[in-house]
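Asks:
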Amino acid sequence: LLSLSDPPLVMFYQISFPPDKKEKALAVVKSQFDVLSLGQFDNESGAFDQNRKILLYYTITGGSMREIDIVSSLCKEKSDRITCRQRGIHDAEGVYGENFHHLHAFCNAKPSYNVVHITNRVDDRLATKIKAITSAVTSTMCLPSEESCNVCGAEFYPLPFLHFTGNMFSASCGYVNKLMSPSAFENAMTDVAGAALVAEVKETYTTKLFPLGARILGSYQHSIEHWIGAHPDLKPCDVAPTSTAKLDATILDQMKLSSRAPAPRRGSASPIYLVDKSDWEERESRSRKKRTISLHEYYYLAGNILRWMRLYEKLPDANSWVWEWFPDGQLWEAAARTSGENAVHVVANQLSEQLALEKRLAEQLAIKKT
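Residue 380, in my numbering, is where the sequence shown stops; the numbers in between run on with no holes.
#1: Can you give the Cα-Cα distance for F220 and I234, rounded to whole angstroms?
#2: By Cβ distance below 6 Å, which residues in the same chain neighbour N438 in space, the five residues on each side in sequence not counted?
#3: Would you kindly work out how many angstroms separate the C-alpha atoms of V208 and L222, rounded to a whole number?
#4: Can you tell me the Cα-Cα spacing of D327 and L169, whole angstroms?
#5: Nearest to D16 by CA position, among E196, K63 and D30, is which residue?
#6: Buried or exposed: which applies to T216, given that a residue is buried once 16 or more other Cβ atoms fall within 10 Å of its Cβ?
#7: Are the CB atoms of A346 and I303 within a distance shorter than 8 Å?
#8: Pull up the CB-CB distance for W342 and A353, whole angstroms please, since I reckon it's below 8 Å.
#9: How would you call E196, buried or exposed, if buried means at least 16 neighbouring beta carbons within 10 angstroms?
#10: Starting from the Cα of R320, find the closest Cα among V357, M199, E307 and L267 and give me that residue.
#11: When you compare the stretch 30-48 with the stretch 137-146, are there three or more beta-carbon pairs, one atom per stretch, that lie closer than 8 Å?
#12: Please report how far the alpha carbon of I282 lies from the alpha carbon of L172, in whole angstroms.
#13: Taking one C-beta from the stretch 265-280 and one from the stretch 241-254 each time, how about it: are there three or more such pairs within less than 8 Å?
#14: Would you give the residue range spanned by the beta strand (DSSP E) that T93 belongs to?
#15: Of the choices D133, S191 and L284, whose alpha-carbon is the least far from that of Y322?
#16: Starting from I25, trace the beta strand (DSSP E) both ways and give me its first and last residue.
#17: Suppose you measure from the CA of D263 to the CA of S180; what does that come to, to the nearest Å?
#18: Does the separation of the CB atoms of Y67 and R95 fall below 8 Å?
#19: What beta strand (DSSP E) runs, 3 residues minimum, are completely inside the stretch 64-146?
#20: Nearest-angstrom Cα distance between L305 and V357?
#21: Please return the same chain residues whose Cβ sits closer than 6 Å to the Cβ of G176, not counting the five positions on each side in sequence.
#22: Quick one: give me the first and last residue of the beta strand (DSSP E) that F336 is part of.
#23: State buried or exposed for N160, treating a residue as buried only when at least 16 other CB atoms are found within 10 Å of its CB.
#24: For the beta strand (DSSP E) that Q50 lies in, which residues bound it at each end?
#25: Which one or two residues does DSSP pair with T216 in a beta bridge?
#26: Thinking C-beta only, is T129 closer than 8 Å to M75?
#27: CA-CA distance, M151 and S145?
#28: Would you list the one or two residues that DSSP bridges to D248?
#29: Which residues in the same chain as F27 place their Cβ atom closer than 8 Å to its Cβ, once the five residues preceding and following it in sequence are excluded?
#30: My output table needs one value for A209: the three-state DSSP class, helix, strand or coil.
#31: Can you list, in chain order, the residues of its chain whose CB lies under 7 Å from that of V45, leaving out five sequence neighbours each side?
#32: If you check the beta carbons only, do S297 and K218 fall under 8 Å apart?
#33: Under 6 Å Cβ to Cβ from N100, same chain only, skipping five residues before and after it: list those, please.
Take a look at the structure:
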């Protein structure tokens, strides 16, 4: 089945059944199988290619025999287009990241392939978008390339951490093979989260944009949401329409409105992380412009540099999008190249000196006017 001349779409599917939401979770699974059975959306023809085969590796957590049997039945119903291979069943719904271990191992063995990750474990606020996200990451327009886009998703956001909506994406194995194993990453991210909390107490970092919490920091089981976007070599792109699709639009209609472009290109933060959306754009704009905030803000380059250096001992290349998108990118790059994770202290000292100089100049100007 894994023929390089006509390779299938290789997918890893994390299926979760929370005890209090089993029926809702099952409905999402059925809707995603419906999308997959349509085939792969081809952006050149504007139609679904029903001849494209799918090799689907799946893991189930928290399901009873009823849910497990239903998933097995769905695989049999769609077997003309989808070849299912079960990779694990866990009684506890709280088992996280198991599917990423299989994805990572696959890429180690097949470095020339691309892989897709989907899940039914999504925030309730994404329920209406689940079909569109699934279709987007499996489409031909989301095929990754090492040169311009090594990870593609429906929507990419840099805040509060680098991530794709729903934690669903298509990635090149070349990029995946640069990542730490999911288990090593969880341990490392938990350590980084601890360092961030200590630094916040010492006022090395500020957290004006978002409150610090386990999910946003990526500690313990929450590390799986950070894993794919954490490497400094990340070249993201996304395909979802930047305008809101009509509520009654079909999947085909939504896909026809989609287009691939380098990310980030939409709002800076995913709506699911915003407690108050009403003034977010104004608040974030103020934080960017006020250097006493932006140069210490953990969610900007201060925190990203800490993570890149602690996790991978590496910074993004000079031509990376991060130095252009985040505030004072050139200043941060120069400081990080020479001082690594201590760049925050170098930048803080430079800022203090600059503010002191500006104050002296203002005072001298005021004296002259009098």
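Where is the CB? At the ideal position from N, CA and C, for every residue including glycine.
Please read all numbers here as calculations on a predicted model, not as lab measurements.
Replies: With the given structure in hand:
#1: The count along the sequence shown starts at 1 and reaches residue 220 at position 210. The count along the sequence shown starts at 1 and reaches residue 234 at position 224. So the two alpha carbons sit approximately 19 Å from each other.
#2: This structure gives no information on residue 438, because the portion of the chain shown stretches from 11 to 380.
#3: As a working mapping, residue 208 is identified with position 198 in the sequence shown. As a working mapping, residue 222 is identified with position 212 in the sequence shown. About 12 Å.
#4: For the purposes of this step, residue 327 is taken as the residue at position 317 of the sequence shown. For the purposes of this step, residue 169 is taken as the residue at position 159 of the sequence shown. Roughly 20 Å between the two C-alpha positions.
#5: For the purposes of this step, residue 16 is taken as the residue at position 6 of the sequence shown. Residue K63 is the option with its Cα nearest to D16.
#6: Mapped onto the sequence shown, residue 216 falls at position 206. Buried: at least 16 other Cβ atoms inside 10 Å.
#7: Along the sequence shown, read from residue 1 onward, the residue named residue 303 stands at position 293. Along the sequence shown, read from residue 1 onward, the residue named residue 346 stands at position 336. It is not a contact, given that the beta carbons lie outside the stated cut-off.
#8: Within the sequence shown, numbered from 1, the residue matching residue 342 stands at position 332. Within the sequence shown, numbered from 1, the residue matching residue 353 stands at position 343. With a Cβ gap of about 6 Å, W342 and A353 count as contacting.
#9: For the purposes of this step, residue 196 is taken as residue 186 along the sequence shown, with counting starting at 1. Its Cβ being crowded by 16 or more others within 10 Å, E196 is buried.
#10: Taking the first residue of the sequence shown as 1, we reach residue 320 at position 310. The closest CA to that of R320, considering only V357, M199, E307 and L267, is found on M199.
#11: With the rule of 3 Cβ pairs closer than 8 Å, the stretch 30-48 counts as touching the stretch 137-146.
#12: Here residue 282 refers to the residue found at position 272 when the sequence shown is read from its first residue. Here residue 172 refers to the residue found at position 162 when the sequence shown is read from its first residue. I282 and L172: Cα-Cα distance of roughly 14 Å.
#13: yes
#14: Within the sequence shown, residue 93 is the residue found at index 83, counting from 1. Segment I92 to H100, the beta strand (DSSP E) holding T93.
#15: Position 312 of the sequence shown holds residue 322. It is S191.
#16: Position 15 of the sequence shown, counting from 1, holds the residue named residue 25. That run of the beta strand (DSSP E) goes L19 to S26.
#17: Sequence index remark: in the sequence shown, residue 263 carries index 253 (1-based). Sequence index remark: in the sequence shown, residue 180 carries index 170 (1-based). Distance between the alpha carbons of D263 and S180 is about 21 Å.
#18: Numbered from its first residue, the sequence shown carries residue 67 at position 57. Numbered from its first residue, the sequence shown carries residue 95 at position 85. Result yes, Cβ atoms of Y67 and R95 sit closer than 8 Å.
#19: 64-71, 92-100 and 124-129
#20: The count along the sequence shown starts at 1 and reaches residue 305 at position 295. The count along the sequence shown starts at 1 and reaches residue 357 at position 347. When rounded, the distance between both Cα atoms is 7 Å.
#21: For the purposes of this step, residue 176 is taken as residue 166 along the sequence shown, with counting starting at 1. The residues are V132, L136 and I143.
#22: Translated into positions along the sequence shown, residue 336 becomes position 326. That residue, F336, is in no beta strand (DSSP E); it is neither H nor E in DSSP.
#23: Translated into positions along the sequence shown, residue 160 becomes position 150. It is buried - the Cβ of N160 has at least 16 other Cβ atoms within 10 Å.
#24: The sequence position of residue 50 within the sequence shown is 40, counting from 1. Start and end: Q50 to D52.
#25: Numbered from its first residue, the sequence shown carries residue 216 at position 206. BP columns for T216 point to E307.
#26: Here residue 75 refers to the residue found at position 65 when the sequence shown is read from its first residue. Here residue 129 refers to the residue found at position 119 when the sequence shown is read from its first residue. No, the pair does not count as a contact, with Cβ atoms beyond the cut-off.
#27: Mapped onto the sequence shown, residue 151 falls at position 141. Mapped onto the sequence shown, residue 145 falls at position 135. Those two C-alpha atoms are separated by around 11 Å.
#28: As a first step, residue 248 is located in the sequence shown; it is residue number 238 there, counting from the start. DSSP lists G163 and A271 as partners of D248.
#29: As a working mapping, residue 27 is identified with position 17 in the sequence shown. Result list for F27: A35, L36, I70, T71, G72, G73, S74, E77 and E103, in chain order.
#30: Position 199 of the sequence shown holds residue 209. In the structure shown, A209 sits in a helix (DSSP, three-state: H, G or I).
#31: Here residue 45 refers to the residue found at position 35 of the sequence shown. Around V45: K141, T144, S145 and I261.
#32: Sequence index remark: in the sequence shown, residue 297 carries index 287 (1-based). Sequence index remark: in the sequence shown, residue 218 carries index 208 (1-based). Closer than 8 Å, so yes.
#33: Residue 100 sits at position 90 when you count from the first residue of the sequence shown. Here the sequence assigns His to residue 100, which means Asn is not the residue at that position. Taken in chain order, the residues that qualify are T71.
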